[in-house]
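Here is the structure we will look at, set down as structure tokens.
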Amino acid sequence: MGKVIKPQNFEERLVWYFITGTYGIYLLGILLPLNACLGWLLFFYLCKKLWFQQEDTPVEKRIHIPWVLWIWVIGMSVIMIAQVVALTNFEKSTNDYIRAIMSWSISWALLALFPLVGRLHIRPQLIYRAICILCLQSLIIIPFCYLAYLVHLPHVIYSSPIERIFQNGKQYYDVSLYHYYEYNGELRLALFAPWGPALGIVGTLYFFFSLQEPDKKWRWIGIAGAVAMCVVSSSRLAFLALPGVPVFVFILTNFWRPYIQIWSGLLCFVSGIFSSVLLRTITSFKDAVLESRSDSTRVRKKLIEIAFERSKEAPIWGHGNQEPGPQMVEKMPIGSHTTWGGLMFVNGLVGFVAFLVPMLCTFITLLIEAQKSNTAKVGLSVFLVLLFFSSGESLDVLAYLCWPAWVVIGIALKQEDRQPISSVDFSKTASNLMLEQQ
């Protein structure tokens, strides 16, 4: 089916087999620790390559680390320092320090490691094809998950004992067939993710990767699998991001074009005339989305409010770790379900800024590069997806799932080997798909 794409070096083999073997790793209950080990292993391999790099090393084999990635390394290190200082301020035990360091190594640290991994010689096309294969596997597995619910099989079939080492939540080590919520009678699938919305962010990322697959058959398989993952996850953020992110990317990468500026001016003029109607429509749409799962909305909103309110107790360095929430939030940990609220509560203003600065620098760099590079356009797309989901998910704890996106972002920063947009125009992908279908 289509052109065969095979790994050509050590780093590509690891990336390829870790993506295509996701379900096999998940069935062992070790997806989190093994994916985290992948980040650290490839990071040390990168350090080895840099150590042996000489002045006479061929240009095509040279590795260059841009300043943006150094900002990520500094920022994630500062978050670790903030956590240690916070634990010291609250006089926590030695066990808390050990757990904090281990937790950081499989969460925040990965947000710096995987973009660095993108500096190795990894072709983005290899990642796109591997993602499409994983989407095909998901299309096959989804019906069996629904069948398991219909025949009343237990939703958790296995829980890895590895959880006793990290002690960061059983849901990361459970092998689940489905998730059924009795309080509202809702059935959701998470597949290899720990919960439904986490699968939503993965499916959304995979959608944008699948769009870049050059082979038509694999592209459609990838798109179908990615959309199916978003649907079975019942993630509202995924349903908004799928159509919204392409629009934002198109505007951001074409705003300098005269016709876009003219249409934007006309749109602003018309919007001003019908502003009251538009505001009512937007408000009604927002209320409908929030009311579609009112209990979840209430819990998330309250968790964010509590996180920012409690952050005033330790505004600079934070509390050092999450704390069990009250009954009004179903005893969910304070600092969970949001990246920004969790930063303020756990790591304080220091951690908040340490994450905000790399995010801003990455956005600006990708925006500039996306004007000239298709790979950077893909990187900008998945970055906006991650930014969008940061309001309702903790990006740090899902880094082990979203790592292909962070690798592609690292690849997109390769200024020395840009791929011209004219060769693969991202903005025309949707129209090309429609023509092919006809």
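Per this note's numbering, the sequence shown starts with residue 224, numbered consecutively.
Yeah, the Cβ is synthetic: ideal placement off N, Cα and C, and Gly gets one too.
- From the listed residues P256, K315 and R342, the smallest Cα separation to W327 is found for P256.
- Under a 10 Å Cβ-count criterion, G426 is classified as buried, with 16 or more other Cβ atoms of the shown protein chains found around its own Cβ.
- The Cβ atoms of F568 and I557 sit closer than 7 Å to each other.
- Separation of F275 and V398 (C-alpha to C-alpha, rounded to the nearest whole angstrom) is 42 Å.
- Counting only the Cα atoms, Q277 lies some 31 Å from F241.
- In the structure shown, Y381 falls within a strand segment according to DSSP collapsed to helix, strand and coil.
- Proximity to I329 across I228, R521 and L264 peaks at L264, based on C-alpha coordinates.
- With 16 or more other Cβ atoms from the protein chains shown falling within 10 Å of its own Cβ, W626 counts as buried.
- Cβ contact annotation for G633 (same chain, cutoff 8 Å, sequence separation greater than five): L292, F337, P338, L339, V340, G341 and R342, in chain order.
- Annotation for Y268: no beta strand (DSSP E) segment contains it, though the alpha helix (DSSP H) segment containing it runs L254 to W274.
- Annotation for S604: F431, V468 and V472 place their beta carbon closer than 7 Å to its own, counting only its chain and skipping 5 residues before and after.
- Three or more beta-carbon pairs separated by less than 8 Å link the region 449 to 456 to the region 413 to 423, which places the two stretches in contact.
- A direct Cα-to-Cα measurement between E314 and H542 gives close to 11 Å.
- Taking C-beta separations shorter than 7 Å and ignoring five residues to either side along the sequence, the partners of V573 in its chain run V301, A305, I539 and W540, following chain order.
- Along the length of the region 297 to 344, whole alpha helix (DSSP H) runs at least 4 residues long occupy 317 to 328 and 331 to 340, reported in chain order.
- Around R322, the same chain offers Q390 as residues with beta carbons nearer than 7 Å, after the five sequence neighbours per side are excluded.
- Cβ-Cβ separation between L428 and V282: approximately 31 Å, too far for a contact (criterion under 8 Å).
- DSSP, reduced to helix, strand and coil, places I228 outside both helices and strands of the structure shown, so it counts as coil.
- C-alpha of H287 to C-alpha of G423: approximately 33 Å in a straight line.
- When Cβ pairs closer than 8 Å are counted between the two stretches, the region 552 to 566 is seen to touch the region 522 to 529, the count reaching three or more.
- By the beta-carbon neighbour count (other beta carbons within 10 angstroms, threshold 16), I388 is exposed.
- Burial state of K271 is exposed, judged by a 10 Å Cβ sphere holding fewer than 16 other Cβ atoms.
- The beta carbon of T588 sits closer than 8 Å to the beta carbons of P289, V291 and L636 from its chain, once the five residues preceding and following it are set aside; these are given in chain order.
- At the C-beta level, F266 and L460 stay beyond 7 Å of one another.
- Between the C-alpha atoms of S617 and A353 there is a straight-line separation of about 25 Å.
- Per DSSP, L618 is not a residue of any beta strand (DSSP E), being assigned neither H nor E.
- Less than 7 Å separates the beta-carbon of S383 from that of I253.
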